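In what follows, a structure is listed as structure tokens, so that the remarks can point back to it.
Chains as they are written, first to last, in this note's numbering: chain A, 1 to 296; chain B, 1001 to 1276; chain C, 2001 to 2336.
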């Protein structure tokens, strides 16, 4: 049969073309996830060897543990602050710079600039700024900022890390939202203008709904980043003081983590992190998608 | 309208004022960092905001103590390997999904899609032992391996390939071109803007990797710039601006790269967000 | 070297997901013919062309070119070139590189293919555009580049899929004449798909009229116009289309009677009663719309003649020599 032969004819070439990607993705993404799920019910000795089954209810134990609950709370609060604040600031900057003015290119470059800083660069920069002995910000703010320092106080450490994170992500949000603004057809603004809508009305009735898909995308990316944040905590606070900045990822990988050399428990937390992120993305996309307008 | 009661010139001035104020706030940490990097160790404690004394000594010490030259070379090599590999693997798999008909295509596509849902941070535990088993700790291949292929690049390029007119492939068939020839002669050249965006995006994400090199490079000689900064910061707690000098050295090259390739960056970052 | 480039289609069918696009078509296209595949959109004409080119595999039946069965031969080896409706030029290559490309793929040495490309470009008046890219050309120029890319290979068979449909009316008229001249100059057989009857009538040496995956009639343009083989052909070719009246309206027979508008004459001595419903003035002529019993009829008359007014009762003459009779059950032509 001619049609059947054609169906199979491309297969060898297709396999050859997909093989490089598949090998990498299966070895370093899918297999590790499967393996982590399995490892999650194992208990290992401190060298990471001689693992043995501890029963699948280890997941439940981990989930109920004080350490996990605390790390989950830290991560959740961190996301709850950084995502909306980062989004609002990014949109604000993008709207502010979305005008054809002389020299606007310079301001756009400045607002985009934090995209060039890696998590390590941004974190160390803020470590320096918040350092009570150097005192750039400490002198201005005073109080806790001077002694023991915002990063060393249990009540302020998480929010200080959040400031650094919001600043570091600002460039990314600004760039994507600016591109989103530029894809809104000018006629929409013109017709709203002709209808007599004020600046704020145009913003809430044209800009925000047309920006829907962009905001959803940025929101999902920022949430996913917030939940996976590791470098900020590692460099700024080391999970401290007193566990107040031990996020889920820091609980798994951190130098000071209580489960540092237990592969089984680390895997269990990593898998729970995956589940939380998956549920969160689905919720976000489901919830927002109903209320946004796609461009075409 | 309330806003139009102000004269045009005042409104423009107001907007410039606001823009400038925000720019100052955004740039403030960068300014403090640069000023700190050029100060001698002692002075930074007195007057951190103004470049009252300028020296290259702090930068030189950071370069030497942090072994940053070696780290820059490592990062550059790893990022170039990752970028090249991502281009090749993404082009090949995207082409297969866009132009080939074969049994199991939907399933294979589903496998690629599924990898997008797995946070990298959740796989590091197992990947570390995989790399250890391969005896690739402290090596370029160990630092690069997990990032040699990306479902993101595959989806991006598949979309580009699908938007090529169908007639082009058929004209090429009439001209006598097979799939590999069509890919090389037509599909890849026409996808060049997206390839540029993907390359920059891949380079940047590889350069900025933090967790992975701290796990894989147990020997300081194999630090990338990010894990090198970590080593520097842990060793030099008492000299705060030495670390800041290190961050300037690390941030500068990528800042220049982004300044040159702004357009590709915007395209790469917005690939998933903005339609049309 | 004379190439024999006749094309034979034997019982060719193509089914897409249960939908029959081409239904048991047999057709002989002679060497150096200019064969037009004419029909409305969705009639299967493009699919038929693509099976000749090798871009689609027949579900059943055979395609032969020059006496050789080519069902399993890749397009590349069929000695067939194709011009697409969208032109399908490579946007990143210059005109020169576009025209050379089929030769490059076939391994022709660089100086030789450059020479051949220049000569093909000269034939189509493209010499001064060789260094440009397709994006810098007008629609008509792009269309000629597509033609040049096809003729540079000197193919035995030339397939064209509505190549003029993206041009404006004036350019289309000029290009029709150019294509006929090109056909005269080359040794190739042309197979040309269109839905435009004017292109079919002015360019083709033969016309195959298609409907619903089948060929209704094959013949010279004159034959197809003068002696349509079915009601479909009768009404598809000619503007306005042929009037087809139910049995018994014009003559006491069991056949459908077809009369072209120019052969419907308003004549007091005529033998058919009619009522005028509308008169359209088109400048050099006028169309008189009438009702004969229940049937609508159009008459084409000289605009200088005295015209009836809407609502007038008139008599029509339809000369027997210009009547076409069709079987009402099969809709096929009855007269020899």
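The beta-carbon is built from N, C-alpha and C at its ideal position, and this holds for glycine as well.
This one's a predicted model, so the numbers in the text were calculated from it and none came from an experiment.
For this session: Under the assumption that residue 279 of chain A contacts residue 36 of chain A (Cβ atoms under 8 Å), give the Cβ distance between them as a whole number of angstroms.
Result: About 17 Å separates the two Cβ atoms, so there is no contact after all.
For this session: For residue 2082 of chain C, write down the residues that DSSP places opposite it in a beta bridge.
Result: C/2159
Problem set entry | Cα-Cα separation, residue 1123 of chain B to residue 1145 of chain B | 13 Å
Exercise. Which chain B residues sit within Cβ distance under 7 Å of residue 2092 of chain C?
Worked result: 1189 and 1190
Exercise. When you compare each of C/2240, C/2335 and C/2313 to residue 2268 of chain C by their alpha carbons, which one comes out closest?
Worked result: C/2313
Exercise. Using a C-beta cutoff of 8 Å, does residue 263 of chain A count as contacting chain B?
Worked result: yes
Problem set entry | Where the beta strand (DSSP E) through residue 2277 of chain C begins and ends | 2272–2281
Problem set entry | Length-filtered (3 minimum) beta strand (DSSP E) runs lying within the region 2106–2161 of chain C | 2157–2161
Problem set entry | Burial state of residue 106 of chain A (16 or more Cβ within 10 Å) | exposed
Exercise. Who are residue 1199 of chain B's beta bridge partners in DSSP?
Worked result: Partner(s): none; residue 1199 of chain B has no beta bridge.
Exercise. Among C/2163, C/2007, C/2059 and C/2005, which has the Cα closest to the Cα of residue 2018 of chain C?
Worked result: C/2059
Exercise. Does the beta carbon of residue 1143 of chain B come closer than 8 Å to any beta carbon on chain A?
Worked result: no
For this session: Could you list which residues in chain A have their beta carbon closer than 7 Å to that of residue 1033 of chain B, in chain order?
Result: 125 and 128
For this session: With 7 Å as the limit, tell me which residues of the region 1224–1235 of chain B have their beta carbon closer than that to any beta carbon of chain A; keep them in chain order.
Result: 1226, 1229, 1230 and 1233
Exercise. What are the uninterrupted segments assigned as alpha helix (DSSP H) that are 4 or more residues long and contained completely in the region 29–76 of chain A, given in chain order?
Worked result: 31–39 and 58–64
Exercise. Can a CB atom of chain B be found closer than 8 Å to the CB of residue 134 of chain A?
Worked result: Chain B, which has a Cβ nearer than 8 Å to the Cβ of residue 134 of chain A, makes this yes.
For this session: Take residue 1222 of chain B and list the residues in its own chain whose beta-carbon comes closer than 6 Å to its own, dropping the five residues that flank it on each side.
Result: 1138
Problem set entry | Cβ-Cβ distance between residue 2279 of chain C and residue 2307 of chain C below 8 Å | yes
For this session: Tell me where the alpha helix (DSSP H) around residue 250 of chain A begins and ends.
Result: 248–253
Exercise. What are the residues that DSSP puts in a beta bridge with residue 2285 of chain C?
Worked result: Assignment of beta-bridge partners to residue 2285 of chain C by DSSP yields C/2302.
For this session: Output yes if chain A places a C-beta closer than 8 Å to the C-beta of residue 1071 of chain B; else output no.
Result: no
Exercise. Could one say the Cβ of residue 2160 of chain C lies closer than 8 Å to chain B's Cβ atoms, at least one of them?
Worked result: Under the Cβ criterion of 8 Å, residue 2160 of chain C is not counted among the residues facing chain B.
For this session: Kindly list, in the order they appear in chain A, the residues whose Cβ is closer than 8 Å to that of residue 1127 of chain B.
Result: 28 and 32
Exercise. Chain B beta carbons: is any one of them nearer than 8 Å to that of residue 17 of chain A?
Worked result: yes
Problem set entry | Within the region 2159–2240 of chain C, ranges of the alpha helix (DSSP H) (whole runs, at least 4 residues) | 2169–2185, 2197–2203, 2221–2226 and 2231–2236
For this session: With distances taken Cα to Cα, identify the nearest neighbour of residue 70 of chain A among A/284, A/283 and A/240.
Result: Proximity to residue 70 of chain A across A/284, A/283 and A/240 peaks at A/240, based on C-alpha coordinates.
For this session: Whole angstroms is fine: what's the gap from residue 2292 of chain C's alpha carbon to residue 2275 of chain C's?
Result: 7 Å
For this session: Mind reading off the beta-carbon distance from residue 258 of chain A to residue 67 of chain A? Whole number of angstroms is fine, and I expect it under 8 Å.
Result: 6 Å
For this session: Could you tell me the distance, in whole angstroms, from the CA atom of residue 2150 of chain C to the CA atom of residue 2035 of chain C?
Result: 17 Å
Problem set entry | Nearest candidate by alpha-carbon position, reference residue 1229 of chain B, set A/227, A/225, A/226 and A/236 | A/236
For this session: Report the rounded CA-to-CA distance for residue 149 of chain A versus residue 127 of chain A, giving the unit in angstroms.
Result: 10 Å
Exercise. How about residue 2049 of chain C: is its C-beta nearer than 8 Å to some C-beta of chain B?
Worked result: no
For this session: State yes or no: is the beta carbon of residue 1157 of chain B nearer than 8 Å to at least one beta carbon in chain C?
Result: no
For this session: Could you tell me the distance, in whole angstroms, from the CA atom of residue 296 of chain A to the CA atom of residue 2062 of chain C?
Result: Only weak support exists for where residue 296 of chain A lies, its pLDDT of 37 falling under 50; the coordinates are left without a value.
Problem set entry | Between the CA atoms of residue 165 of chain A and residue 1036 of chain B - distance to the nearest angstrom | Cα to Cα, residue 1036 of chain B sits roughly 21 Å from residue 165 of chain A.
Exercise. Looking only at C-alpha atoms, which of B/1197, B/1150 and B/1232 sits nearest to residue 124 of chain A?
Worked result: Per the Cα distances, B/1232.
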